[in-house]
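*Asks:* Quick one: structure below, then a few questions.
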Amino acid sequence: MAQATPKFSQSQYDMLKRCSEKGDMTEWNQWRKDNPKEEIFLEGADLRGSHLQRAFLSYAHLEKAKLMGAHLEGAKLYEAHLEGANLLAAYLNGANFMFANLNDAILNSADLKGAQFFNAQLKGTYLIEVSIEGASFEKAIVDGSTFLWECKVDRRFAHKKGTNFIGVGLDRLRIDSATKQLLEYNIRRRNWEEWYKEHRFLRWPVKGFWLLSDYGLSTWQVIKAFMIFAVVFAALFYSWGAVDYYGMGIKERPGVVSNMFVLETGDPVSWCEVPIRALYFSVVTMTTLGFGDMYANVAVFSDNPYANARSGWGHFLLMIQVILGYVLLGAMVTRFAVLFTAGGPSGKFTEMDGKTKKKLEEIRAKKIEEI
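Using my numbering, the first residue of the sequence shown is number 1311, and each one after it goes up by one.
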């Protein structure tokens, strides 16, 4: 069977190359505005290293085009046909690939920061070691032959959108565990942030719960929160007891916790051991959820206002700490659930400094030279 002749317009190619050499797409873009219905046929075109920044290439036929190392920053490629195109190490920052067909295309080592791939077709597409910080692949169409591996992902945080893979079947494509966890984090965080907008009164407690584990991504975040709460409550219990025992001279049940300064036998506890007992009580309260050998003081004399108040506050503080213990336990279980289903450790979000950026540029330049 005879192979179909590539659809290729020499005049369009010459104009595009001319604009590339000048580094100015004005002529091409003006022609495109004047001829919006004329089809662009550049199938198999050799545009390696071309400067096509902000070029109007929507609906263009660029099947199997050679775009290795090409500069397409801010280019408009809406519904463009890029099946089998080679975009190895290309610069695609902020480019618009919405609804474009990139099936079987190669984008390895490309720079896709801020690029838009909404509803783009990525079946059989190779995206290895790609920079996708701030890029949106929302509802992109993938399959088992799509390859997404060791990509540079940025975190969704506050007003920073981060890499967006909402509506993409991550379980269908071939993806490394580290990258997958980071993308799932951004998806999970965005979904919950949308939920917060609809539940104004519940948003703060729910948001606080998720922040304890950084939306299920950080084990250390949960441990750190536990340590902070344990130390804060220990300091509070110790300080109250110290004021009673050392400052006010109360020898019977000082503070809000029993047996901290004075044992049941009436013997005083060594001053250097009291802080340890305070921390011990705080940790036991949070881990055993209130069951331990020390407890909140109970007012012995009902006609003593201070003793009654102290007893009431002691029970209230312990109740708050037990609730926090339950919440932290839930956060840790959530984190373990993510770990057990992840298939491996998570990667790290990209924090692009000057040194890292320079190194990536050197790697990209080397790959372009090899072409």
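Here a beta-carbon is modelled for each residue, glycine too, at the ideal position from N, C-alpha and C.
Owing to the predicted nature of the structure, the values given are computational and were not obtained by experimental measurement.
#1: Leaving aside the five residues before and after L1458 along the sequence, list all residues of the same chain whose C-beta is less than 6 Å from its C-beta, in chain order.
#2: Between F1409 and the rest of its own chain, which residues show a CB-CB distance below 6 Å, the 5 nearest in sequence each way excluded?
#3: Taking the beta carbon of Y1556 as the centre, do at least 16 other beta carbons fall within 10 Å, making it buried, or is it exposed?
#4: In terms of residue numbering, what span does the beta strand (DSSP E) encompassing I1438 cover?
#5: Among L1589, E1349 and D1453, which has the Cα closest to the Cα of A1370?
#6: Quick one: using the 10 Å Cβ neighbour count with 16 as the cut-off for buried, is K1462 buried or exposed?
#7: Of all the options S1368, P1564 and S1321, which has the alpha carbon lying nearest to the alpha carbon of A1619?
#8: Just verifying my parser: in three-state terms, what is the DSSP assignment at I1442?
#9: Measure how close the beta-carbons of G1359 and A1380 come, nearest whole angstrom, since I'm counting them as under 8 Å.
#10: With distances taken from CA atoms, which of L1412, F1447, N1396 and F1659 is nearest G1404?
#11: Just the Cα atoms here: how many angstroms apart are G1354 and L1412?
#12: Per DSSP, I1416 forms a beta bridge with which residues?
#13: To the nearest angstrom, how far is it from the Cα of H1361 to the Cα of D1324?
#14: Exposed or buried, W1338, counting other C-beta atoms within 10 Å across all chains shown (16 or more means buried)?
#15: Which first and last residues belong to the alpha helix (DSSP H) in which W1530 is found?
#16: What's the gap between the Cα of L1480 and the Cα of R1587?
#17: Compare the beta carbon distance of M1596 and A1540 with 7 Å and say whether it is the shorter of the two.
#18: Distance, Cα to Cα, L1527 vs A1399?
#19: Going by beta-carbon coordinates alone, are E1331 and Q1363 separated by less than 7 Å?
#20: Please state if the CB of A1488 and the CB of V1657 are separated by a distance shorter than 7 Å.
#21: What does DSSP give as the partner residue(s) for H1361 in the beta ladder?
#22: In chain order, what residues of the same chain lie with their CB nearer than 8 Å to the CB of Q1322, ignoring the 5 residues before and after it?
#23: Among L1417, W1341 and K1347, which has the Cα closest to the Cα of L1377?
#24: Would the beta-carbon of A1395 fall within 7 Å of that of A1415?
#25: Counting only beta-carbon atoms, is R1510 nearer than 7 Å to chain B?
#26: Tell whether a beta-carbon distance below 7 Å holds between L1422 and L1402.
#27: Applying the 10 Å Cβ sphere with the 16-neighbour rule, what's the burial state of R1466?
#28: When you compare only the Cα positions, how much space is there between G1576 and F1650?
#29: Determine the direct distance from the alpha carbon of L1521 to that of Q1426, and round the result to whole angstroms.
#30: Mind reading off the beta-carbon distance from V1572 to G1624? Whole number of angstroms is fine, and I expect it under 8 Å.
#31: For K1387, name the three-state secondary structure that DSSP assigns.
#32: Does the beta-carbon of K1490 have 16 or more other beta-carbons within 10 angstroms, so that it is buried, or is it exposed?
*Replies:* On the basis of the supplied data:
#1: One-based indexing of the sequence shown puts residue 1458 at position 148. L1437, L1483 and I1485.
#2: Counted from its first residue, the sequence shown places residue 1409 at position 99. Within the same chain, F1409 has close Cβ partners E1389 and N1429.
#3: The residue you call residue 1556 lines up with position 246 of the sequence shown. The residue in question, Y1556, is exposed, as its Cβ has fewer than 16 Cβ neighbours within 10 Å.
#4: For the purposes of this step, residue 1438 is identified with residue 128 of the sequence shown, where counting begins at 1. Element bounds for I1438: Y1436 to I1438.
#5: Numbered from 1 along the sequence shown, position 60 holds the residue referred to as residue 1370. Minimum Cα distance to A1370 is reached at E1349.
#6: Position 152 of the sequence shown, counted from the start, is the residue given in the question as residue 1462. Label assigned to K1462: buried.
#7: Stepping through the sequence shown from its first residue, residue 1619 is reached at position 309. Nearest C-alpha to A1619: P1564.
#8: Residue numbering aside, residue 1442 sits at position 132 when the sequence shown is read from its first letter. I1442 falls in the coil class under three-state DSSP.
#9: Position 49 of the sequence shown, counting from 1, holds the residue named residue 1359. Position 70 of the sequence shown, counting from 1, holds the residue named residue 1380. Confirmed, about 6 Å.
#10: Residue mapping note: residue 1404 aligns to position 94 of the sequence shown, counting from 1. Taking only the C-alpha atoms, the option nearest G1404 is F1447.
#11: Translated into the one-based positions of the sequence shown, residue 1354 becomes position 44. Translated into the one-based positions of the sequence shown, residue 1412 becomes position 102. Whole-angstrom Cα-Cα distance: 14 Å.
#12: Here residue 1416 corresponds to residue number 106 of the sequence shown, with the count starting at 1. Note: I1416 sits in a beta bridge opposite N1396 and Y1436.
#13: Residue mapping note: residue 1361 aligns to position 51 of the sequence shown, counting from 1. Residue mapping note: residue 1324 aligns to position 14 of the sequence shown, counting from 1. For H1361 and D1324, the distance between alpha carbons rounds to 13 Å.
#14: Along the sequence shown, read from residue 1 onward, the residue named residue 1338 stands at position 28. W1338 should be labelled buried.
#15: The residue given as residue 1530 occupies position 220 in the sequence shown. Here the alpha helix (DSSP H) through W1530 covers T1529 to A1552.
#16: Position 170 of the sequence shown, counting from 1, holds the residue named residue 1480. Position 277 of the sequence shown, counting from 1, holds the residue named residue 1587. Roughly 49 Å separates the two Cα atoms.
#17: Residue 1596 sits at position 286 when you count from the first residue of the sequence shown. Residue 1540 sits at position 230 when you count from the first residue of the sequence shown. Yes, these two residues count as a Cβ contact at 7 Å.
#18: On the sequence shown, position 217 is the one that residue 1527 refers to. On the sequence shown, position 89 is the one that residue 1399 refers to. Spanning the two alpha carbons is a distance of roughly 30 Å.
#19: Mapped onto the sequence shown, residue 1331 falls at position 21. Mapped onto the sequence shown, residue 1363 falls at position 53. Going by C-beta atoms, E1331 is not nearer than 7 Å to Q1363.
#20: Position 347 of the sequence shown, counted from the first residue, corresponds to residue 1657. Position 178 of the sequence shown, counted from the first residue, corresponds to residue 1488. The displayed chain sequence assigns Gly, not Val, to residue 1657. Their beta carbons are under 7 Å apart, which means G1657 touches A1488 by this criterion.
#21: Counting from 1 along the sequence shown, the entry for residue 1361 is found at position 51. Its beta-bridge partners are H1381.
#22: Taking the sequence shown and counting its residues from 1, one reaches residue 1322 at position 12. Correct list, in chain order: I1350, F1351 and L1352.
#23: Taking the sequence shown and counting its residues from 1, the one referred to as residue 1377 is at position 67. Minimum Cα distance to L1377 is reached at L1417.
#24: Numbered from 1 along the sequence shown, position 85 holds the residue referred to as residue 1395. Numbered from 1 along the sequence shown, position 105 holds the residue referred to as residue 1415. In this structure, A1415 lies closer than 7 Å to A1395 by Cβ.
#25: In the structure shown, chain B does not exist; there is a single protein chain.
#26: In the sequence shown, residue 1422 corresponds to position 112, counting from 1. In the sequence shown, residue 1402 corresponds to position 92, counting from 1. Yes, these two residues count as a Cβ contact at 7 Å.
#27: Here residue 1466 refers to the residue found at position 156 of the sequence shown. Answer is buried; the Cβ neighbour count reaches 16.
#28: Numbered from 1 along the sequence shown, position 266 holds the residue referred to as residue 1576. Numbered from 1 along the sequence shown, position 340 holds the residue referred to as residue 1650. The straight-line gap from Cα to Cα measures roughly 50 Å.
#29: Position 116 of the sequence shown, counting from 1, holds the residue named residue 1426. Position 211 of the sequence shown, counting from 1, holds the residue named residue 1521. Their Cα atoms are separated by approximately 29 Å.
#30: Position 262 of the sequence shown, counting from 1, holds the residue named residue 1572. Position 314 of the sequence shown, counting from 1, holds the residue named residue 1624. Contact flag wrong, Cβ pair sits at about 15 Å.
#31: Looking up residue 1387 in the sequence shown gives position 77. According to the sequence shown, residue 1387 is Leu rather than Lys. Reduced to three states, the DSSP call for L1387 is coil.
#32: In the sequence shown, counting from the first residue as 1, residue 1490 sits at position 180. Buried, because 16 or more other Cβ atoms sit within 10 Å of the Cβ of K1490.
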